[in-house]
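Single-structure report; data block below.
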Amino acid sequence: MFEALQFAFMRNALLAGLWISLACGIIGTLVVSNRLVFLAGGIAHSAYGGVGLALFLGFSPFFGAMGFSLAMAALLASLTAKDRSRADPVVGVLWAVGMALGVLFVDLSPGYRADIMSLLFGSILTVSSRELWMMAGTTLLVAGAVGLKYRDLLVLSYDPDFAATRGVRVSALYRLLLLLVAAGTVVAIHAVGLILVIALLTIPPTLAERSCRSLASMMAVSSAWSALFIFLGLDLSYRYNLTSGAVIILVGASFFCLFSILEGRKGA
Amino acid sequence: MESPEFDIELKDVRFSYNGSDPVLDGVSLAVRPGEFLAVLGPNGGGKSTLLRVILGILKPQSGTVLLLGRPPQETVCRVGYVPQDVSANRGFPVSVEDVVLMGRFEAGRKSWRPSAEDRLAAETAMDRLGILALRRKKIGELSQGQRQRVAIARALAVQPALLLLDEPTASVDMQTQAALYEILRELNRTLTIVMVSHDLTAIASCATSVACVNRRLYHHDRAELTGEMVQAAYGSCPVELVAHGIPHRVLRQHENPETVRGERDV
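Chain order of the listed sequences is A and B. Residue numbering for the first sequence follows our numbering, beginning at 1 and increasing consecutively. Residue numbering for the second sequence follows our numbering, beginning at 1001 and increasing consecutively.
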């Protein structure tokens, strides 16, 4: 892969991979430990509505996806904060509505747009320097917010009811959590696309959860797993000329299966 | 600050989820300092909802709630709460000590690192529950009974004036249950305790008063269940009025129905 590094796009891809790994490690950990996997999937898919809107109005799909998922996260937070256990149907509806809106906006936009496929399935090899800056900025913002609210998020994630008795404003913090999930998800969409992103948010934290004793260490270990999957996936996709997003996910899934089998043996 | 006559005071509280049939209706309750109130009632009768209303997590549609003499939002930080189902998040990456330290957490405090005082309070609480040796273990590595002890230790780390427990013995074996009741009885010397339970032996082992909740609330000043309470709370479902405890207390039929505190005459 070293000869590939002479290409600017490959260097950008690797840098993007680092930022994405960090975003996935932090946000994926919160998604898995708060059991928000379905909700994160809904936010990611509904981002397609923003992508379509951006194409229709002619601005950057990154901003379209970001704006739309943040709005979706805020809406989901207000609809599900009262009774999280009944969030599923709401998520299911918004998931599909977001995608449907995206499809209609694309219909209404003139011409064939090749970059749609890259948003659906990932385009880490075509990340521009400008996008790289936006990813870095978003990731640092997310990391900063999580760092600032770390103990609040820890107490909330472990036990929302107890958190309420310690003076945590649970629904406000829950809204912040969903907004952070939306922001982190949009960063990760660059690597594997909005359809596959859910695997990159869940596989690394699930692998990390077994060995970690704190949220912070789980975030760090998840980030390391994400980086491994992204770089290994990039290398394989470069060698065999395959779609990088799909290879990244399958590399992660292979590790996931391997560890599940090893774990099963140990338990037997 | 003048200490209020009651640690918990509910007046004519009505609560429903999303405008459906009320889960609690016309509920009044007064718990004196030092009391150990066992809250019984059928599943879905509103026991857990009652605790969450007392804590201010849920806001009633009508009626007033006073916790330690003030609205619950102002005083909830002085209450130790042991929620139901302490095993819900078993895979969570956290050590026993860090769970107990959550009892020292206060929203809005500048430093998020626990102070020496916090660590001492957590240590004392763990020691009291006999789980100090487990402090470095991951929460998922513990047994059900041990996790229950951790939840109680977390509530004690608050250094509360009042302890509210929701089914603390729901899924532990008999031995652990007896041990937990023993600990609670000891804690009751310095703490007011309200414990939701489906277990009638709780009354005999540690309670000083009993309430039955089934949408309405029936409060009785002594650790006895009366036929009327059971009839009202559980309906026609036959319930065996037997509890094992030393000293052996028989849950006798109440002679005078007037002494049963109904839902409105507190």
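Backbone N, C-alpha and C define an ideal beta-carbon position, used for all residues, glycine too.
Chain B residues whose Cβ lies nearer than 8 Å to that of residue i
i, result
"Tyr174/A", "None at all; the shortest Cβ gap to chain B is about 13 Å."
"Arg169/A", "Ala1107"
"Glu3/A", "Neighbours of Glu3/A on chain B: none; closest Cβ ~40 Å, over 8 Å."
Distance CB(residue i)-CB(residue j) smaller than 8 Å
i, j, result
"Ala1153/B", "Ile1131/B", "yes"
"Ala275/A", "Gly98/A", "What is shown of chain A runs 1 to 268, which leaves residue 275/A out entirely."
"Ile20/A", "Ile230/A", "yes"
"Leu1051/B", "Leu1164/B", "yes"
"Leu119/A", "Gly49/A", "no"
"Pro1060/B", "Phe1015/B", "yes"
"Gly1045/B", "Asn1214/B", "yes"
"Phe105/A", "Leu196/A", "no"
"Leu76/A", "Gly64/A", "no"
"Thr206/A", "Leu22/A", "no"
"Thr1169/B", "Gln1177/B", "yes"
"Phe56/A", "Leu94/A", "no"
"Ala1344/B", "Arg1109/B", "Absent from the model: residue 1344/B. The displayed extent of chain B is 1001 to 1266, so no value can be given."
"Gly1080/B", "Ala1155/B", "yes"
"Glu1101/B", "His1219/B", "Checking the sequence shown, residue 1101/B turns out to be Leu, not Glu. No, these two residues do not count as a Cβ contact at 8 Å."
"Ala73/A", "Val181/A", "yes"
"Lys1047/B", "Gly1056/B", "no"
"Leu30/A", "Ser157/A", "yes"
"Pro1083/B", "Asp159/A", "yes"
"Ser1095/B", "Arg213/A", "yes"
"Gly245/A", "Gly184/A", "no"
Sequence-distant residues of the same chain with beta carbon closer than 7 Å to residue i, five excluded per side
i, result
"Gly1069/B", "Pro1004"
"Gly1034/B", "Thr1192"
"Arg1104/B", "Pro1114, Asp1118, Ala1121, Ala1122, Ala1157"
"Val1031/B", "Phe1006, Asp1007, Ile1008, Leu1037, Thr1192, Val1194"
"Gly67/A", "Gly50"
"Gln6/A", "none"
"Ser79/A", "For the record, residue 79/A in the displayed sequence is Leu; it is not Ser. Val90."
Contacts that residue i makes with chain A (C-beta to C-beta distance below 8 Å)
i, result
"Tyr1181/B", "The premise fails here: Tyr1181/B is roughly 22 Å from chain A at the closest Cβ pair, so nothing lies under 8 Å."
"Val1094/B", "Leu154, Tyr158, Arg213, Ser214, Leu215"
"Val1039/B", "Within 8 Å Cβ-Cβ: nothing; Val1039/B doesn't reach chain A, min ~17 Å."
Contact set for residue i: own chain, Cβ-Cβ below 6 Å, skip 5 residues either direction
i, result
"Val146/A", "Ile26"
"Leu14/A", "none"
"Tyr1181/B", "Ser1205, Cys1206"
"Ser1236/B", "Residue placement at Ser1236/B is poorly supported in this model, since its pLDDT is 44, which falls under 50; the coordinates are not used for a value here."
"Ser226/A", "Ser21, Cys24, Gly25, Pro204"
"Gly1145/B", "Val1172, Thr1176"
Contact set between residue i and chain B, taken where Cβ atoms lie within less than 7 Å
i, result
"Val155/A", "Met1102, Phe1105"
"Arg84/A", "What Arg84/A touches in chain B: nothing, since even the nearest Cβ is about 12 Å away."
"Ser226/A", "In chain order: nothing, as chain B lies at least about 16 Å away."
"Glu131/A", "Going along chain B, no residue has its Cβ under 7 Å from Glu131/A, so there is no contact; the nearest lies around 32 Å."
"Met218/A", "Pro1093"
"Glu263/A", "Simply none; closest approach about 12 Å."
Where residue i meets chain A, residues with beta-carbon distance less than 9 Å
i, result
"Gln1055/B", "The sequence given here places Leu at residue 1055/B; Gln does not occur at that position. Result: Asp161, Ala164, Thr165."
"Phe1015/B", "Those within 9 Å of Phe1015/B in chain A number zero; the least Cβ separation is about 13 Å."
"Val1076/B", "Ala164, Thr165, Arg166, Gly167"
"Val1099/B", "Tyr158, Asp159"
Residue i in three-state terms, based on DSSP
i, result
"Ser171/A", "helix"
"Cys257/A", "helix"
"Arg11/A", "helix"
"Ala1207/B", "coil"
"His1220/B", "strand"
"Asp1021/B", "coil"
"Phe1036/B", "strand"
"Asp976/B", "Residue 976/B is absent from the structure shown; chain B starts at 1001 and stops at 1266."
"Thr243/A", "coil"
"Arg1070/B", "strand"
"Phe1015/B", "strand"
"Ser222/A", "helix"
"Asp1166/B", "strand"
"Val37/A", "helix"
"Ser78/A", "helix"
Contacts that residue i makes with chain A (C-beta to C-beta distance below 7 Å)
i, result
"Pro1083/B", "Asp159, Asp161, Phe162"
"Lys1138/B", "Arg213"
"Asp1118/B", "Chain A residues near Asp1118/B: none, gap ~11 Å exceeds 7 Å."
"Val1079/B", "Thr165"
Own chain, CB closer than 8 Å to residue i, minus 5 neighbours either side, in chain order
i, result
"Ala16/A", "Ile124, Val127, Glu131, Leu132, Met135, His190, Ala191"
heavy atom of the ligand MG below 7 Å from residue i C-beta
i, result
"Thr1075/B", "In the structure on display, the ligand MG does not appear, and there are no ligands present to speak of."
Cutoff 8 Å: residue i Cβ touching any chain C Cβ
i, result
"Asp1007/B", "Included in the structure are the protein chains A and B, with no chain C among them."
Assess contact between the region 222-242 of chain A and the region 154-166 of chain A, defined as three or more Cβ pairs (one per stretch) separated by less than 8 Å. Is contact present?
Put simply, the region 222-242 of chain A does not touch the region 154-166 of chain A. Fewer than three CB pairs are less than 8 Å apart.
Take every Cβ of the region 1198-1207 of chain B, pair it with every Cβ of the region 199-215 of chain A, and state whether three or more of those distances are shorter than 8 Å.
Counting Cβ pairs under 8 Å, fewer than three are found: no touch.
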